[in-house]
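The opening residue of the sequence shown carries number 586 in my numbering; numbering runs sequentially from there. For every residue, glycine included, the Cβ atom is placed at its ideal position computed from N, Cα and C. For reference, the structure discussed in these notes is given below.
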Amino acid sequence: MRHTANPITTAIRSWALRSPARLALGLLIIVVALVAIRGVITAVTGGTVSSATETVAADSASSTTPAPSAVAEVTESEVLGLSSTSVTDTPARAAMFYAHVFLDTAATPTQWTVRLSTVTDPGNITDRIAGARPTAPVTILGPTRTTRTSGEAGTRVAIDTSAGTLTATLTETDDRWQLKSPLPTIDLTALPAPSTTTPRPATTPPSPSRPATTSASVLPSTTPAPAPAIPSPPSTQPAPTFAPAPVPGPIPIPDLDTPLPGARP
């Protein structure tokens, strides 16, 4: 049986073999055609497939990669301006909000319980937690310190206060970070006991060298005191003597027992 040559392939072969330039041009045309066909297919279906593949890869990476250990720490002033939903976005915010509310001594018991319910289940606020509420002011000394961010135990956040370190353990539920039970407290023995008696003002006894003064101030008199009398020096002249007054009448002659000298008998 005789095989006849294919007229199509024979024409192409004769066209390509007659000149090397024709062969190179033919190969270039084939490569360009394949690239164009691949570009059209990618533009139609490749973008959707690539996006789906990237989404699946990202989900797989997030499920197998543990949470990063570095988190944004916050201070007390940064939490005060946040809304009730924003304070539960991160474990550091939720822990700092709990510390601020738990140490608030000015809120009423109802306000205190309602605000704590923002970062924990209301059933966790028991009488024991209410009894551990401090009655003396406690100061938060610094920002949060996240010590653990992976594992089933949850995320642990420590906050330094003037009464010691408050450590909270939080878990993420429905995209919200909340504190686990039992809720953290602080050691109240480190605080000074509040004074229950009214202190009396200290009184100073009057000095014995000075007379006691009354509460009303006495203004000094503007009239000058009289000068003390200066005693006169004693006189050196003798006191004058006075002669007795003469008695009228004859002068009596005394009787003498002896004659006067020179008198005749």
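Could you tell me whether the segment 698-709 touches the segment 721-734, where touching means 3 or more Cβ pairs closer than 8 Å? no
Alpha carbon of Pro699 to alpha carbon of Val629, nearest angstrom: For the purposes of this step, residue 699 is taken as the residue at position 114 of the sequence shown. For the purposes of this step, residue 629 is taken as the residue at position 44 of the sequence shown. First, the residue type needs correcting, since residue 699 is Val and not Pro in the sequence shown. Approximately 56 Å, taken between the alpha carbons.
Anticipated Cβ contact below 8 Å, Leu764 with Ala679, distance rounded: For the purposes of this step, residue 764 is taken as the residue at position 179 of the sequence shown. For the purposes of this step, residue 679 is taken as the residue at position 94 of the sequence shown. Yes, Leu764 and Ala679 are in contact; Cβ-Cβ is about 7 Å, under 8 Å.
Buried or exposed by the 16-neighbour rule on C-beta atoms within 10 Å, applied to Leu665: One-based indexing of the sequence shown puts residue 665 at position 80. Counting Cβ neighbours within 10 Å, Leu665 comes out exposed, since fewer than 16 surround it.
Going along the chain, which residues of its own chain have a beta-carbon closer than 6 Å to the beta-carbon of Ile597, five neighbours each way excluded? The sequence position of residue 597 within the sequence shown is 12, counting from 1. Hits under 6 Å: none found.
Whose CA, out of Ala738, Ala691, Arg741 and Val704, lies closest to the CA of Arg718? Within the sequence shown, the letter at position 133 stands for residue 718. Per the Cα distances, Ala691.
Along the chain, which unbroken stretches of the alpha helix (DSSP H) at least 4 residues long are found entirely within the segment 676-757? 676-687, 694-701 and 712-716
Count the other CB atoms, across all protein chains shown, that sit within 10 Å of the CB of Pro676; report buried if there are 16 or more and exposed otherwise. Here the question's residue 676 lines up with position 91 in the sequence shown. Pro676 comes out buried.
Leaving out the 5 sequence neighbours to the left and right, which residues in its chain are closer than 6 Å to Thr754 when beta-carbon positions are compared? By one-based count along the sequence shown, residue 754 stands at place 169. Within the same chain, Thr754 has close Cβ partners Gly739, Arg741 and Lys765.
Under 8 Å by Cβ, that's how I've got Thr703 and Val672 pegged, so tell me the actual separation to the nearest angstrom. Taking the sequence shown and counting its residues from 1, the one referred to as residue 703 is at position 118. Taking the sequence shown and counting its residues from 1, the one referred to as residue 672 is at position 87. The pair is a contact, with the Cβ atoms about 7 Å apart (cut-off 8 Å).
Confirm, please, whether the CB-CB distance from Gly749 to Ile771 is below 8 Å. For the purposes of this step, residue 771 is identified with residue 186 of the sequence shown, where counting begins at 1. For the purposes of this step, residue 749 is identified with residue 164 of the sequence shown, where counting begins at 1. Yes; because the gap between Cβ atoms is below 8 Å, this pair is in contact.
Can you tell me which of the three DSSP states Leu764 falls into? Working through the sequence shown from its first residue, we reach residue 764 at position 179. It is a strand residue.
How many Å lie between Ala743 and Asp759 at the Cα? On the sequence shown, residue 743 is found 158 positions in, with the first residue counted as 1. On the sequence shown, residue 759 is found 174 positions in, with the first residue counted as 1. Each residue's alpha carbon lies about 23 Å from the other.
Could you work out which residue in Ile593, Thr594 and Leu667 is closest to Phe682 when comparing CA atoms only? Here residue 682 refers to the residue found at position 97 when the sequence shown is read from its first residue. Checked all of Ile593, Thr594 and Leu667; the closest Cα to Phe682 is Leu667.
Going by Cα to Cα distance, which pick from Ala657, Val656 and Leu701 is closest to Ser669? As a working note, residue 669 is residue 84 in the sequence shown. The shortest Cα separation from Ser669 among Ala657, Val656 and Leu701 belongs to Leu701.
The alpha helix (DSSP H) that contains Gly773, what's its start and end? Position 188 of the sequence shown, counted from the first residue, corresponds to residue 773. With the sequence shown as reference, residue 773 is identified as Leu, and Gly is not the correct amino acid for it. That residue, Leu773, is in no alpha helix (DSSP H); it is neither H nor E in DSSP.
Does Val620 pass the burial test, meaning 16 or more other C-beta atoms within 10 Å, or should it be called exposed? Mapped onto the sequence shown, residue 620 falls at position 35. So Val620 counts as exposed.
In the DSSP assignment, the alpha helix (DSSP H) including Pro605 goes from what residue to what residue? Position 20 of the sequence shown, counting from 1, holds the residue named residue 605. Residues Pro605 to Ile626.
Top-ranked residue by Cα proximity to Glu661, from Thr695, Ile622, Thr746 and Leu613: Taking the first residue of the sequence shown as position 1, residue 661 is located at position 76. Ranking Thr695, Ile622, Thr746 and Leu613 by Cα distance to Glu661 puts Thr746 first.
Whole angstroms are fine: how far does the CA of Pro605 sit from the CA of Ile593? Residue 593 sits at position 8 when you count from the first residue of the sequence shown. Residue 605 sits at position 20 when you count from the first residue of the sequence shown. In a straight line, the C-alpha of Ile593 is about 19 Å away from that of Pro605.
Buried or exposed: where does Asn591 fall if 16 or more other Cβ atoms within 10 Å of its Cβ makes it buried? In the sequence shown, counting from the first residue as 1, residue 591 sits at position 6. Exposed is the call here.
Three-way DSSP call (helix, strand, coil) for Pro769 in this model: Within the sequence shown, numbered from 1, the residue matching residue 769 stands at position 184. Looking at Pro769 - three-state DSSP - the assignment turns out to be coil, as it is neither helix nor strand.
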